[in-house]
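Visitor: Below is the structure I would like to discuss, written out as structure tokens.
Numbering (our numbering), first residue to last: 381 to 638.
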């Protein structure tokens, strides 16, 4: 699986590179990182993604694909160490922003899908539409905000211990609900070679409120290559007893811009 993920990301990077060279309205970045340790502890972590921005006269469109795979040495019930998959997650999102006459204002349409083998929910799909506005606009930094209604369709893990109001198990069950979405996107160009980004999003619903945050520092290595250090936090207000409400992830990746 890890070789498959790596191959997909590398192939996607090559394809988007060739496409971006031919089409000036596209801005494409690919991100890839790998950590492999051996000896007393064996760990393999692969993380990668593709982000594409399509700038048109009336629309700004954004496409994202991300993947994470991790294996660790884990001691089984017999006290023997064996390699087990400890994290695997894939996500896809598409957003179209329709430019309004007002400067830096837009209407958006958003859709996403997440497949998470170890998260609070096995899968989540979200659709939303709403309004966005730039709250801060300086030469070295900007802050965008978005808000709107949406709908979320999600599936509980097969091993979930959660039950409904009648005491029936929700393991493997699918549910949907109306939600409200909000997002803040901050970008600070510290210098010619360094940039700080902060993204916070909230999906508020009756069943669960999901909050996500990514703080990232990017340092330019050369004209097209950057090093990215990121800290991600995902919090679900309601989870099963056997799940943690907050997941964190620290990553070090290389980002290539086309």
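Quick reminder that beta carbons are idealized off the backbone N, C-alpha and C, glycines included.
(1) Exposed or buried, which one is residue 606 when buried takes at least 16 other CB atoms within 10 Å?
(2) Determine the contact status of residue 429 and residue 442, defining contact as a CB-CB distance below 8 Å.
(3) Would you say the segment 583–594 touches the segment 608–618, given that touching needs at least three Cβ pairs under 8 Å?
(4) Threshold first: 3 residues or longer. Then list the beta strand (DSSP E) segments lying entirely within the segment 411–488, N to C.
(5) In angstroms with no decimal places, state the Cα-to-Cα distance between residue 557 and residue 460.
(6) Comparing alpha-carbon positions, which option in 498, 494, 477, 479 lies nearest residue 464?
(7) So residue 556 is in the beta strand (DSSP E); what residue range does that whole segment cover?
(8) Closest by CA to residue 534, which one among 551, 545, 525?
(9) Looking only at its chain, what residues have a beta carbon closer than 6 Å to the beta carbon of residue 489, apart from the 5 residues adjacent to it on each side?
(10) To the nearest angstrom, how far is it from the Cα of residue 579 to the Cα of residue 450?
(11) To the nearest angstrom, report how far apart residue 593 and residue 549 are at their CA atoms.
(12) Along the chain, where does the beta strand (DSSP E) containing residue 518 start, and where does it finish?
(13) With distance defined between alpha-carbon atoms, name the residue in 634, 621, 627, 612 nearest to residue 604.
(14) Label residue 458 either buried or exposed according to how many other C-beta atoms from any shown protein chain fall within 10 Å of its C-beta, with 16 as the threshold for buried.
(15) Please report the distance separating the alpha-carbon of residue 599 from that of residue 409.
(16) Quick check on the DSSP output: the beta strand (DSSP E) that includes residue 544 runs from which residue to which?
(17) Span of the beta strand (DSSP E) holding residue 612?
(18) Please report the residue range of the beta strand (DSSP E) in which residue 593 lies.
(19) Does residue 402 pass the burial test, meaning 16 or more other C-beta atoms within 10 Å, or should it be called exposed?
(20) Closer than 6 Å by C-beta to residue 626: which residues in its own chain qualify, once you throw out the five before and the five after it? Chain order, please.
(21) According to DSSP, which residues form a beta bridge with residue 524?
(22) Taking 8 Å as the threshold (beta carbon to beta carbon), is residue 551 in contact with chain C?
Guide: Quick answer:
(1) On the chain shown, residue 606 is found 226 positions in, with the first residue counted as 1. With 16 or more other Cβ atoms inside 10 Å of its own Cβ, residue 606 counts as buried.
(2) Within the chain shown, residue 429 is the residue found at index 49, counting from 1. Within the chain shown, residue 442 is the residue found at index 62, counting from 1. No, they are not a contact pair.
(3) Judged by Cβ distances under 8 Å, the segment 583–594 makes contact with the segment 608–618, as three or more pairs qualify.
(4) The qualifying runs are 423–435, 439–455, 461–479.
(5) Residue mapping note: residue 557 aligns to position 177 of the chain shown, counting from 1. Residue mapping note: residue 460 aligns to position 80 of the chain shown, counting from 1. If I take the Cα positions, the gap works out to 44 Å.
(6) Here residue 464 refers to the residue found at position 84 of the chain shown. Ranked by how close their Cα comes to the Cα of residue 464, the residues 498, 494, 477, 479 have 498 in first place.
(7) As a position in the chain shown, residue 556 is number 176, starting the count at 1. Taken as a continuous stretch (DSSP letters only), the beta strand (DSSP E) holding residue 556 covers 554–571.
(8) In the chain shown, counting from the first residue as 1, residue 534 sits at position 154. That would be 551, whose Cα lies nearest to the Cα of residue 534.
(9) For the purposes of this step, residue 489 is taken as the residue at position 109 of the chain shown. Result list for residue 489: 476, 509, in chain order.
(10) Along the chain shown, one-based indexing puts residue 579 at 199. Along the chain shown, one-based indexing puts residue 450 at 70. Taking the straight line joining both Cα atoms gives about 24 Å.
(11) Here residue 593 refers to the residue found at position 213 when the chain shown is read from its first residue. Here residue 549 refers to the residue found at position 169 when the chain shown is read from its first residue. So the two alpha carbons sit approximately 31 Å from each other.
(12) Here residue 518 is taken as the residue at index 138 of the chain shown, counted from 1. Premise fails: residue 518 is in no beta strand (DSSP E) and is neither H nor E.
(13) Here residue 604 refers to the residue found at position 224 when the chain shown is read from its first residue. Ranking 634, 621, 627, 612 by CA distance to the CA of residue 604 puts 634 first.
(14) Taking the first residue of the chain shown as position 1, residue 458 is located at position 78. Exposed, because fewer than 16 other Cβ atoms sit within 10 Å of the Cβ of residue 458.
(15) The residue given as residue 599 occupies position 219 in the chain shown. The residue given as residue 409 occupies position 29 in the chain shown. Rounded to the nearest angstrom, the two C-alpha atoms are 14 Å apart.
(16) Counted from its first residue, the chain shown places residue 544 at position 164. Residue 544 -> no beta strand (DSSP E), and no H or E assigned at all.
(17) Numbered from its first residue, the chain shown carries residue 612 at position 232. First-last of the beta strand (DSSP E) with residue 612: 605–616.
(18) Along the chain shown, one-based indexing puts residue 593 at 213. Annotation for residue 593: the continuous beta strand (DSSP E) segment containing it runs 589–600.
(19) Translated into the one-based positions of the chain shown, residue 402 becomes position 22. Since pLDDT at residue 402 reaches only 48, below the 50 mark, its modelled position is unreliable, and the value read off the structure follows with that caveat. Answer is exposed; the Cβ neighbour count stays below 16.
(20) Within the chain shown, residue 626 is the residue found at index 246, counting from 1. Non-local beta-carbon contacts of residue 626 in its own chain, meaning distances under 6 Å to residues more than five positions away in sequence, involve 615 in chain order.
(21) Start at 1 with the first residue of the chain shown, and residue 524 comes out as number 144. Note: residue 524 sits in a beta bridge opposite 514, 565.
(22) Structure shown: chain C not included; a single protein chain is present.
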